[in-house]
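Chemist: This is the structure I want to talk about, given as structure tokens.
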């Protein structure tokens with residue numbers, strides 16, 4: 001397509017999305033839930049069609065020589081469809097946040113003022129290869145009363161269009177505007193660029209993917225962007241920590257699922273217990289297959305278990321069985337280190353000290369700050385938000401896991417009896 | 001200054017601000033309040049110095065041939081200083097939002113999760129000529145635990161630096177990092193451009209000024225921007241409205257202070273009462289000196305009181321004794337009009353109908369939606385937020401008047417006892 005066609009297509013999409021946002025914004029929860037459950041049924045009924053469209057993407061990707069890991073993420077399996085259906089059921093079961101009224105108070109003027117939770121409007125999702133994001137994101141946006149425009153990876157275009165078709169057929173069956181969920185039907189990069197200029201129509205952009213994608217979207221977008229940057233999570237082991245518990249928590253944080261953003265990437269150990277604790281934890285980590293890069297002191301204490309860390313290793317998001325270790329003088333040095341190398345994702349302290357637990361909770365700036373618990377708990381499900389659409393590591397609008405509520409906003413409502421301002 | 005010097009100066013400022021943010025973020029409310037009250041005392045004690053520095057700006061502005069209105073906004077009077085002091089006292093009296101913990105709940109895993117209200121970090125204020133914004137904004141940012149960088153109009157540079165000096169001397173007296181409040185000390189435009197790239201250091205930009213300023217900042221900024229666009233506020237007079245009350249509310253909304261963003265700019269009248277109501281309201285508005293531009297029908301009904309409106313008049317922010325009037329068929333047509341021409345600021349319905357009041361409250365998308373009350377109530381003070389730093393007309397983070405709470409965010413905190421994720 002040429003530039004004029006792209007602009008015309010995008011403008012048509014955003015206009016349709018804005019109109020559809022009014023429809024979904026006013027839809028009662030019962031109908032939204034029925035639609036979500038029926039989409040699940042339709043995914044199963046149309047499994048053959050979806051797998052066939054996905055096979056086209058897989059064939060094209062293989063021809064292009066795409067890596068096995070990428071192919072794996074691109075593939076939709078029967079199990080993958082079952083997972084999508086399960087996800088739809090879970091979202092249908094969540095409480096509808098729209099319409100909640102809070103903080104209603106009579107003011108001295110006589111008016112009664114409160115806040116009503118309302119959808120954001122139109123959300124643009126930009127994501128990479130995994131086609132299941134199409135259904136997962138659409139379900140969350142729809143349940144929160146938003147219209148959504150989906151722009152997945154170009155290699156997944158047939159899969160994404162197939163999934164959107166199934167979804168839109170259910171909407172059409174209920175005589176509901178199918179533009180509530182739209183997939184960008186072409187893969188030219190100019191399509192994204194043009195969408196990111198539509199601040200009059202789109203209320204929020206959520207990029208899901210690597211740091212490069214998020215930075216590129218932030219640079220180009222005039223629309224507010226919810227950013228989920230990397231997770232460089234730390235654990236500070238205080239001088240009086242329960243050492244057995246510490247080893248258990250550290251192993252869980254690093255080893256249980258090393259490739260995710262809430263996995264542990266850096267260990268800070270109080271110098272008073274370094275001699276005793278470091279060899280123990282290093283042994284446990286080595287047994288679990290973890291590569292350890294450490295400061296000079298920790299290398300001396302642990303012989304060959306710890307390799308010397310280079311300057312660039314501090315603050316690295318390994319996403320793998322690897323981490324850095326540093327011996328620190330006290331809580332202040334630990335917090336300075338976290339301030340310098342952390343990514344505002346998840347930071348934990350292991351301690352028996354009331355005072356230091358409180359200082360850590362108050363003073364450390366991260367989306368989740370924890371005492372004596374694994375970093376792996378920073379997750380919408382674990383925190384009780386239900387399904388999550390991402391974990392925000394910037395502070396505007398949402399900080400930490402984003403559930404349905406974070407896909408809404410609150411407007412002020414006023415009940416009066418003819419009051420005027422003096 | 002050349003580009004390299006500007007970049008070095010800006011980088012120095014943002015580094016200092018980030019360090020200062022940790023200091024103010026952890027400061028107890030009592031000390032913050034003492035500082036605010038002492039700044040008030042210092043403003044009075046150093047009034048001669050402030051007025052002398054302001055006189056330099058005034059002289060330079062006069063030489064440049066700046067308009068009388070601009071000169072008026074630039075001038076600091078003794079009354080102006082008293083108002084700043086009063087503002088400081090009001091902010092000191094507000095409850096400190098920082099540290100509030102809410103939604104603490106035990107989760108099935110055993111961990112206890114809640115949310116702690118924390119400062120945003122570093123806020124950049126960009127504003128136009130009025131130097132009182134320097135003190136007002138600094139007070140709100142400081143009370144909410146944030147460091148602030150102020151970039152006022154270049155014509156007010158001496159006034160702003162003088163005010164900041166008074167403020168910083170109070171900070172220094174308490175041995176507190178003076179970089180909590182910094183004024184950009186030079187007026188080159190590249191200074192703003194460079195600041196707007198510092199997303200690693202600055203958490204939020206708040207432009208205060210005309211639409212042009214806000215659009216320019218939004219286009220250039222990589223940092224989230226809180227936008228206060230124009231206020232094109234409407235009133236829909238329903239067929240069964242109390243007509244005397246309607247005239248009273250409409251007059252208040254249009255006439256009480258026509259130059260502000262929550263003043264009425266458009267009147268929509270149900271066709272069932274147009275014959276009776278329009279001549280009455282037009283007479284009242286004309287008596288108050290209001291120019292009325294109307295649709296064909298309203299012109300017919302009101303002879304010479306209403307001039308025909310041109311297409312470009314609909315949706316205009318007059319900020320003056322003028323408004324547009326249109327006769328509409330019903331609530332749906334009124335809401336379609338508001339959706340098309342409104343600016344998501346303030347929309348009101350005057351009605352006796354329960355059903356239509358509820359539909360209007362639910363379905364109209366604006367930062368404040370009201371039944372039977374004047375648009376003029378959309379204000380932080382009137383809504384009970386205390387002093388406000390602006391009225392957001394976009395939906396991310398804040399929608400409507402922004403008080404202290406809107407200058408903070410919430411992080412998750414977790415109390416555990418060694419829990420790990422299964």
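Protein chains in written order, with UniProt numbering: chain A, 1 to 422; chain B, 1 to 422.
All C-beta atoms, glycine included, are put in the ideal place defined by N, C-alpha and C.
(1) Considering just the uninterrupted stretch of the beta strand (DSSP E) at residue 101/A, what are its terminal residues?
(2) Below 9 Å on C-beta distance, what does residue 368/B contact in chain A?
(3) Whole alpha helix (DSSP H) runs in the stretch 159-227 of chain B with 4 or more residues, listed along the chain?
(4) My output table needs one value for residue 141/B: the three-state DSSP class, helix, strand or coil.
(5) Give me the residue from 252/B, 258/B, 327/B, 39/B with the minimum Cα distance to residue 164/B.
(6) Mind pulling the chain A residues with CB within less than 9 Å of residue 290/B?
(7) Could you please give the first and the last residue of the uninterrupted beta strand (DSSP E) stretch that includes residue 372/B?
(8) Kindly indicate if chain A contains any beta-carbon less than 7 Å away from that of residue 245/B.
(9) Looking at C-alpha atoms only, which residue of 256/A, 258/A, 264/A, 348/A is the closest neighbour of residue 368/A?
(10) Between residue 256/B and chain A, is any beta-carbon pair separated by less than 7 Å?
(11) Against chain B, which members of the stretch 216-234 of chain A pass a CB distance test of less than 7 Å?
(12) Only counting the same chain, and skipping five residues up and downstream in sequence, which positions put a Cβ closer than 7 Å to that of residue 329/A?
(13) Using the beta-carbon count (16 or more within 10 Å), is residue 48/B buried or exposed?
(14) In three-state DSSP terms, what is residue 393/B?
(15) Closer than 8 Å is the cut-off here; do at least three beta carbon pairs connect the stretch 2-17 of chain A with the stretch 70-78 of chain A?
(16) What residues are listed by DSSP as bridge partners for residue 81/A?
(17) Residue 397/B versus chain A: which residues are under 7 Å apart at the beta carbon?
(18) Please tell me whether residue 371/B has its Cβ less than 7 Å away from any Cβ of chain A.
(19) So which residues of chain A does residue 177/B contact, with C-beta pairs closer than 7 Å?
(20) For residue 192/A and residue 151/A, which I take to be in contact (beta-carbon distance under 8 Å), what is that distance rounded to the nearest angstrom?
(21) What's the gap between the Cα of residue 14/B and the Cα of residue 339/A?
(22) Tell me the DSSP bridge mates of residue 135/A?
(23) Following the continuous beta strand (DSSP E) through residue 299/A, name the residue where it begins and the one where it ends.
(24) Note down, in chain order, all residues in the stretch 300-325 of chain B with a beta-carbon under 7 Å from any beta-carbon belonging to chain A.
(25) Would you say residue 210/B lies against chain A (beta-carbon separation less than 7 Å)?
(26) For the stretch 24-46 of chain A, list every residue whose C-beta sits within 9 Å of some C-beta in chain B, in sequence order.
(27) CA-CA distance, residue 431/B and residue 22/B?
(28) So, for residue 302/B: in the same chain, excluding its five sequence neighbours on each side, which residues have a beta-carbon less than 8 Å away from its beta-carbon?
(29) CA-CA distance, residue 86/A and residue 413/B?
(30) What beta strand (DSSP E) runs, 3 residues minimum, are completely inside the stretch 305-358 of chain A?
(31) Compute the beta-carbon to beta-carbon distance between residue 462/B and residue 205/B, rounded to the nearest angstrom, for a pair I have assumed lies under 8 Å.
(32) Against residue 109/A, what residues of chain B qualify as contacts under a CB-to-CB distance less than 8 Å, listed in chain order?
(33) Following the continuous alpha helix (DSSP H) through residue 58/A, name the residue where it begins and the one where it ends.
(34) DSSP on residue 38/A, reduced to helix/strand/coil?
(35) From the DSSP output, read off the bridge partner residues of residue 421/B.
(36) Would residue 162/A and residue 236/A be called neighbours here (beta carbons separated by less than 7 Å)?
Modeler: On the basis of the coordinates in this document:
(1) What you label residue 101/A is simply residue 101 of the first chain in a count that begins at 1. Note, residue 101/A: beta strand (DSSP E), 101-106.
(2) To locate residue 368/B, count along the second chain from 1; it is residue 368. Ordered by position in chain A, the residues that pass the 9 Å Cβ test against residue 368/B are 113, 411, 412, 413, 414.
(3) 189-195, 211-220
(4) Counting from one through the second chain, the residue named residue 141/B turns up at place 141. Residue 141/B falls in the helix class under three-state DSSP.
(5) As a working note, residue 164/B is residue 164 in the second chain. Of 252/B, 258/B, 327/B, 39/B, the residue nearest in Cα terms is 39/B.
(6) Counting from one through the second chain, the residue named residue 290/B turns up at place 290. Per Cβ cutoff of 9 Å: no residues; residue 290/B is ~16 Å from chain A at best.
(7) The count along the second chain starts at 1 and reaches residue 372/B at position 372. Note, residue 372/B: beta strand (DSSP E), 368-373.
(8) Position 245 of the second chain, counted from the start, is the residue given in the question as residue 245/B. Chain A contact via Cβ: present.
(9) On the first chain, position 368 is the one that residue 368/A refers to. The option with the nearest alpha carbon to residue 368/A is 348/A.
(10) For this step, residue 256/B is matched to residue 256 along the second chain. It does; some Cβ of chain A falls within 7 Å.
(11) 218, 219, 222, 224
(12) In the first chain, counting from the first residue as 1, residue 329/A sits at position 329. Contacts found: 271.
(13) Mapped onto the second chain, residue 48/B falls at position 48. Exposed: under 16 other Cβ atoms inside 10 Å.
(14) In the second chain, the residue the question calls residue 393/B occupies position 393. Residue 393/B falls in the coil class under three-state DSSP.
(15) no
(16) The count along the first chain starts at 1 and reaches residue 81/A at position 81. In DSSP, residue 81/A forms no bridge with anything.
(17) Translated into positions along the second chain, residue 397/B becomes position 397. Per Cβ cutoff of 7 Å: 396, 397.
(18) For this step, residue 371/B is matched to residue 371 along the second chain. For residue 371/B, the answer is yes, since a Cβ of chain A falls inside 7 Å of its Cβ.
(19) Translated into positions along the second chain, residue 177/B becomes position 177. Simply none; closest approach about 15 Å.
(20) As a first step, residue 192/A is located in the first chain; it is residue number 192 there, counting from the start. As a first step, residue 151/A is located in the first chain; it is residue number 151 there, counting from the start. The pair is a contact, with the Cβ atoms about 6 Å apart (cut-off 8 Å).
(21) Position 14 of the second chain, counted from the first residue, corresponds to residue 14/B. Position 339 of the first chain, counted from the first residue, corresponds to residue 339/A. Cα to Cα, the separation comes out at about 15 Å.
(22) Numbered from 1 along the first chain, position 135 holds the residue referred to as residue 135/A. In the DSSP output, where bridge partners are listed per residue, residue 135/A has none listed.
(23) Position 299 of the first chain, counted from the first residue, corresponds to residue 299/A. Run containing residue 299/A: none in the beta strand (DSSP E); it sits in the alpha helix (DSSP H), 296-301.
(24) none
(25) Here residue 210/B is taken as the residue at index 210 of the second chain, counted from 1. Not one chain A Cβ lies under 7 Å of residue 210/B.
(26) 25, 26
(27) There is no way to answer for residue 431/B, as the model of chain B reaches only from 1 to 422.
(28) Counting from 1 along the second chain, the entry for residue 302/B is found at position 302. Cβ neighbours of residue 302/B beyond the five flanking positions: 278, 279, 282, 292, 294.
(29) Sequence index remark: in the first chain, residue 86/A carries index 86 (1-based). Sequence index remark: in the second chain, residue 413/B carries index 413 (1-based). Taking the straight line from one Cα to the other gives about 29 Å.
(30) 306-308, 322-328, 346-350
(31) This structure leaves residue 462/B out entirely; chain B is present only between 1 and 422.
(32) The sequence position of residue 109/A within the first chain is 109, counting from 1. By Cβ distance, chain B contributes 377, 382.
(33) The residue you call residue 58/A lines up with position 58 of the first chain. From DSSP, the alpha helix (DSSP H) with residue 58/A extends over 47-63.
(34) Residue mapping note: residue 38/A aligns to position 38 of the first chain, counting from 1. In the structure shown, residue 38/A sits in a helix (DSSP, three-state: H, G or I).
(35) Your numbering for residue 421/B matches position 421 in the second chain. Answer is none; residue 421/B lacks a bridge partner.
(36) Position 162 of the first chain, counted from the first residue, corresponds to residue 162/A. Position 236 of the first chain, counted from the first residue, corresponds to residue 236/A. No. Outside cutoff.
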